[in-house]
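Participant: The structure is given below, and queries will be raised subsequently.
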Amino acid sequence: MSIVPAATPPLLQVSDLSLHYQTRQGEARAVDGVSFALQPNEAMVVLGESGCGKSSLARALLRLLPRNVAHYSGAVHFEGRDLMPLGEEDFRATVRWQRMSMVMQAAMNALNPVVRVREQVAEPLRIHSKWSREKALARVGETFGLVGLAPDVLDRYPFELSGGMRQRVVLAMALVTAPPLVILDEPTSALDVLTQAAIMNVLKRIKREQDISFILITHDVATSSEIADRVALMYAGQIVECSPARDFFHAPRHPYAQLLMASVPRLRQPEAPGAIPGTPPSLLALPAGCRFADRCPQRFARCDQPPPTFHVDGSTVRCWRFAPEGAP
Amino acid sequence: MKNTPRPISKATAIRQNLSRFLPFALLRLLGLFVTVVIGVYLTILIANMGGKVDELRLLQIRTTVGEQVRADPAFFDMPVAERDDIIESRVTLEVKRRRLDQPFVARSIDYLLAAVRLDLGRSEEMHSDSGAREVSAIILERLPATLLLFGTANLAVFFSAIFFALRLSRRYGSWMDRAVIALAPTSAAPAWFFGIFLILVFAFLTPILPAGGMVHVPPPEGRVAWGLSVAQHMVLPLAAMFFSSIFISIYSWRTFFLIHSSEDYVEMARAKGLPGRLIEQRYVLRPALSPIITSFALMLIGLWSGAIILEQVFNWPGLGSLLFRAIGHRDTPMIIGSVVIFAYLLAITVFLLDILYAILDPRVRIQGGRS
Chain F
0 MSIVPAATPP
10 LLQVSDLSLH
20 YQTRQGEARA
30 VDGVSFALQP
40 NEAMVVLGES
50 GCGKSSLARA
60 LLRLLPRNVA
70 HYSGAVHFEG
80 RDLMPLGEED
90 FRATVRWQRM
100 SMVMQAAMNA
110 LNPVVRVREQ
120 VAEPLRIHSK
130 WSREKALARV
140 GETFGLVGLA
150 PDVLDRYPFE
160 LSGGMRQRVV
170 LAMALVTAPP
180 LVILDEPTSA
190 LDVLTQAAIM
200 NVLKRIKREQ
210 DISFILITHD
220 VATSSEIADR
230 VALMYAGQIV
240 ECSPARDFFH
250 APRHPYAQLL
260 MASVPRLRQP
270 EAPGAIPGTP
280 PSLLALPAGC
290 RFADRCPQRF
300 ARCDQPPPTF
310 HVDGSTVRCW
320 RFAPEGAP
Chain V
0 MKNTPRPISK
10 ATAIRQNLSR
20 FLPFALLRLL
30 GLFVTVVIGV
40 YLTILIANMG
50 GKVDELRLLQ
60 IRTTVGEQVR
70 ADPAFFDMPV
80 AERDDIIESR
90 VTLEVKRRRL
100 DQPFVARSID
110 YLLAAVRLDL
120 GRSEEMHSDS
130 GAREVSAIIL
140 ERLPATLLLF
150 GTANLAVFFS
160 AIFFALRLSR
170 RYGSWMDRAV
180 IALAPTSAAP
190 AWFFGIFLIL
200 VFAFLTPILP
210 AGGMVHVPPP
220 EGRVAWGLSV
230 AQHMVLPLAA
240 MFFSSIFISI
250 YSWRTFFLIH
260 SSEDYVEMAR
270 AKGLPGRLIE
280 QRYVLRPALS
290 PIITSFALML
300 IGLWSGAIIL
310 EQVFNWPGLG
320 SLLFRAIGHR
330 DTPMIIGSVV
340 IFAYLLAITV
350 FLLDILYAIL
360 DPRVRIQGGR
370 S
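Protein chains in written order, with numbering that gives the first Met the number 0: chain F, 0 to 327; chain V, 0 to 370.
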């Protein structure tokens, strides 16, 4: 059962993915029953406040699990293959960076300080594709051009680069093996606005020119709107709404999405942007019913029950207000 | 530096590096030399108790000379006054010879100049097994024994600690990791303490190993038999040193590696799907190489002083027991001599480490010259 009906088979189909961490205070349900599908050459933005589990979702997809995992389950079908039964070594050797790469949140420190940039970027090609040094370095040069880096950066060490340059290097590293899927975890959150815009432009260009899918994880509504084909909004470990970008930015359905969009300041907007009262629930002690109910202005009796995901006009919404008529 | 895409040839780069490096190296050497001089002078002051030892020396000279003269049959028939004159003149001669009539400060400078020139002088009370009184000869005679025993022990501890620590840092929280943490406090007891127990158990209760010394008495004929005998004598002190420091070493290196393997770039390497061994070598060990090398170098020169009590316990003829005896005899030249050599070794090591850092770590090499 595909969530978004589509002619082409989805590149990535995630069903009921969960990742819980063991902490001293109990189990933190960072990713709790997340399902979505991603089409080839599609850019999906995962929006959410910090702590809602969006980075954990990225880690769960690339199986970069910390030591304190309490629970990791669900199904991940990628390029027609079920990834979950793969052994650790198989996953490392066949999926990581060859088929799915990632730009980490802390891109500033994501580079080894004592290895030249070109060696680090060439590494996946040398290891996974067993390319010769010359061939790999030629490809690295190409990728540097793609992300807008001058060739002389190749010979530099990471500490000789500015933040924006480092971010581009990390991006080049994610693109160097030309994987069908790149996960970007807050790729621009540590950068100034101009550099952010430049990086987003690079992403847009790459998406236009290449057959590549992005999952862009961010809390920044404004930047995400530039590149998104579809938006998944996360709240307290769940995706509460997943809609085509146009729908999401202009007519969001979930009450949380509506409030979120109302809180984004717009140019020439007469009234002050709204705020959402309250704080998200702790991932350690989630409410039994709808997780947004406590902050929701449209709350009604059914919200004490956990809402399932409803399909509405090409979107999915996890809210009782979208329950079809006559459903139990 | 952002706007210099102009390519620099390798030769130019090396020349630039060298021209930056040479003034730095000279300044560093000068600074280290000053440190050595200060350290040695302090040692001279302390070993002479700020000149107080001179009073003891004067007394000693007077007693020795007096006894010599009185015991000499040639002076038996002399009147007491005449004999006292002879004693007095000999004492004066000896005081002049050892320049005790000059103020201590002046002499201390002379000592310092000699020490810095590595002219270690003659021991006052001790001599080597071959009878030489030169401090350098006595030290050189003891050096191989210390190097053999402590070199073996420290190298074994260092490399096995790093090896196991890397393993443990990957399996942090496992039962092995917990066991090492639990055993780490055993290192609170010094090696000689373990030594006493080992001697008790393996030399007396079940006499399978020698209790002390370096070879059997009389030494066995032939190189092989001699080597075997030395090896046999080394087992217990080696075991004592190994067990007294292995757990704490593993523990501290493991913590060190844990910190280094939680860096973002290690996580990134894992995400890139690099094999574990490569991550360990290129992403954990290599960025952490400078502190590892530092610790290794300091360990190596730490061999110089040996271990005073352990060598006593095992009756090992090394530098530690030499220093112990020198302190007991208040043999100032001996004490100063061994400190001077240690000071020079330390300074040279620090200097070499500075160069090594630059070779190993591009952050030092490239940024060092700019600041």
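Heads up, the beta-carbon is just placed ideally off N, CA and C, and yes, glycines get one too.
Only a predicted model underlies this, so the values are computations on that prediction, with no experimental measurement involved.
Between V:Leu25, V:Pro78, V:Gln101, V:Leu21, which has its C-alpha nearest V:Leu57's C-alpha?
Facilitator: That would be V:Gln101, whose Cα lies nearest to the Cα of V:Leu57.
Participant: Hey, V:Pro236 and V:Phe313 are a contact pair by Cβ (cut 8 angstroms); roughly how many whole angstroms apart?
Facilitator: The pair is a contact, with the Cβ atoms about 5 angstroms apart (cut-off 8 angstroms).
Participant: Over the uninterrupted alpha helix (DSSP H) stretch that includes F:Glu141, give me the two end residues.
Facilitator: 132-145 is the span of the alpha helix (DSSP H), which, as asked, contains F:Glu141.
Participant: Pick helix, strand or coil for F:Tyr156, following the three-state DSSP scheme.
Facilitator: Reduced to three states, the DSSP call for F:Tyr156 is coil.
Participant: When the Cα atoms are used, what is the spatial distance from F:Leu220 to F:Phe35?
Facilitator: For the record, residue 220 of chain F in the displayed sequence is Val; it is not Leu. Their backbone Cα atoms lie some 20 angstroms apart in a straight line.
Participant: Thinking F:Met199 and F:Glu225 are a contact (beta carbons under 8 angstroms), I'd like their distance in whole angstroms, please.
Facilitator: Between F:Glu225 and F:Met199 the Cβ distance is about 5 angstroms, and since that is below 8 angstroms, they are a contact.
Participant: Anything in chain V within Cβ reach of F:Ile126, meaning under 9 angstroms, just list it in chain order.
Facilitator: Within chain V, the residues near F:Ile126 are Lys271, Gly272, Leu273, Pro274, Leu277.
Participant: Taking Cβ to Cβ, would you say V:Leu309 is nearer than 8 angstroms to V:Met240?
Facilitator: Against a cut-off of 8 angstroms, the Cβ pair of V:Met240 and V:Leu309 comes out as a contact.
Participant: Would DSSP call F:Leu285 helix, strand or coil?
Facilitator: If DSSP states are grouped into helix, strand and coil, F:Leu285 belongs with coil.
Participant: Applying the criterion that 16 or more other CB atoms from any shown protein chain within 10 Å of the CB defines a buried residue, is F:Ala268 buried or exposed?
Facilitator: For clarity, residue 268 of chain F is Gln in the given sequence; the question names Ala instead. When all chains shown are included, F:Gln268 counts as exposed.
Participant: Chain F partners of V:Arg281, CB-CB under 8 angstroms?
Facilitator: Neighbours of V:Arg281 on chain F, chain order: Asn111, Val114.
Participant: Are the C-beta atoms of V:Arg285 and some chain F residue less than 8 angstroms apart?
Facilitator: True, the Cβ-Cβ gap to chain F drops below 8 angstroms.
Participant: Residue range of the beta strand (DSSP E) that F:Ser34 falls in?
Facilitator: Segment 25-37, the beta strand (DSSP E) holding F:Ser34.
Participant: Whole angstroms are fine: how far does the CA of F:Phe213 sit from the CA of F:Ala57?
Facilitator: One C-alpha to the other measures close to 12 angstroms.
Participant: Please identify, using Cβ separations under 9 angstroms, the residues of the stretch 90-107 of chain F that lie next to chain V, in order along the chain.
Facilitator: The stretch 90-107 of chain F vs chain V, Cβ under 9 angstroms: Phe90, Arg91, Ala92, Thr93, Val94, Arg95, Trp96, Gln97, Ser100, Met101, Met103, Gln104, Ala105, Ala106, Met107.
Participant: Against chain F, does V:Glu123 count as a neighbour if the rule is that its beta carbon must be under 8 angstroms from one of theirs?
Facilitator: No - not a single Cβ of chain F is within 8 angstroms of the one on V:Glu123.
Participant: Give me whichever residues DSSP pairs with F:Tyr234 in a beta bridge.
Facilitator: DSSP output for F:Tyr234 lists F:Gln237 as bridge partner(s).
Participant: Under DSSP, the alpha helix (DSSP H) around F:Phe77 begins and ends at which residues?
Facilitator: Not the alpha helix (DSSP H): F:Phe77 falls in the beta strand (DSSP E), residues 68-77.
Participant: Can you pull the chain F residues whose beta carbon is under 7 angstroms from the beta carbon of V:Met267, in chain order?
Facilitator: Per Cβ cutoff of 7 angstroms: Met103, Ala109.
Participant: Checking 8 angstroms against the spacing of the C-beta atoms, do F:Gln297 and F:Arg320 come in under that value?
Facilitator: It is a contact, given that the beta carbons lie within the stated cut-off.
Participant: Anything in the stretch 44-63 of chain F with a Cβ closer than 8 angstroms to a Cβ of chain V? List those residues in chain order, please.
Facilitator: Residues Leu61, Leu63.
Participant: Using 8 angstroms as the limit for Cβ to Cβ distance, is V:Pro189 near chain F?
Facilitator: No, because no Cβ of chain F sits closer than 8 angstroms to the Cβ of V:Pro189.
Participant: Give the single residue among V:Trp303, V:Leu318, V:Pro184 whose Cα lies nearest to the Cα of V:Glu244.
Facilitator: According to the sequence as given, residue 244 of chain V is Ser; it is not Glu. With distances taken between Cα atoms, V:Ser244 lies closest to V:Pro184.
Participant: Within 7 angstroms: the Cβ of F:Leu283 and any heavy atom of the ligand SAH?
Facilitator: Ligands displayed in this structure: none; no statement on the ligand SAH is therefore possible.
Participant: Quickly, what does DSSP pair F:Thr315 with across the bridge? List them, please.
Facilitator: BP columns for F:Thr315 point to F:Cys241, F:His310.
Participant: At a cut of 8 angstroms, does the stretch 48-66 of chain V reach the stretch 90-104 of chain V through at least three beta carbon pairs?
Facilitator: Flag = yes, the stretch 48-66 of chain V and the stretch 90-104 of chain V touch.
Participant: Which class does V:Asp353 belong to by DSSP, given the choice of helix, strand or coil?
Facilitator: The answer is helix: DSSP assigns V:Asp353 an H, G or I state.
Participant: Would you say V:Ile365 reaches chain F, if we count a Cβ-Cβ gap shorter than 8 angstroms as a contact?
Facilitator: Yes, V:Ile365 lies at the interface with chain F (some Cβ there is under 8 angstroms from its Cβ).
Participant: Report the start-end ranges of each alpha helix (DSSP H) in the stretch 71-149 of chain V that is 4 residues or longer and not cut off at the edges.
Facilitator: Taking only runs of at least 4 residues, the alpha helix (DSSP H) segments lying wholly in the stretch 71-149 of chain V are 79-96, 103-115.
Participant: Do F:Pro123 and F:Val175 have their C-beta atoms closer together than 8 angstroms?
Facilitator: Cβ atoms of F:Pro123 and F:Val175: closer than 8 angstroms.
Participant: Classify F:Lys53 as buried or exposed, calling it buried when 16 or more other Cβ atoms lie within 10 Å of its own Cβ.
Facilitator: By the neighbour-count rule (16 or more Cβ atoms within 10 Å), F:Lys53 is buried.
Participant: Just to make sure I have the definition right: I need the residues of chain V whose C-beta is within less than 9 angstroms of the C-beta of F:Glu328. Which are they?
Facilitator: Given that chain F is displayed from residue 0 to residue 327, the structure contains no residue 328 of chain F and the question cannot be resolved.
Participant: Between which two residues does the beta strand (DSSP E) carrying F:Tyr20 extend?
Facilitator: 11-22 is the span of the beta strand (DSSP E), which, as asked, contains F:Tyr20.
Participant: Between F:Ser281, F:Phe247, F:Glu208, F:Val201, which has its C-alpha nearest F:Cys51's C-alpha?
Facilitator: Closest option to F:Cys51, Cα to Cα, is F:Ser281.
Participant: Going by C-alpha to C-alpha distance, which of F:Arg98, F:Ala271, F:Pro186 sits closest to F:Val44?
Facilitator: Taking only the C-alpha atoms, the option nearest F:Val44 is F:Pro186.
Participant: Could you work out which residues of chain V lie near F:Tyr156, taking near to mean beta carbons separated by less than 8 angstroms?
Facilitator: In chain order: Pro361, Arg362, Ile365.
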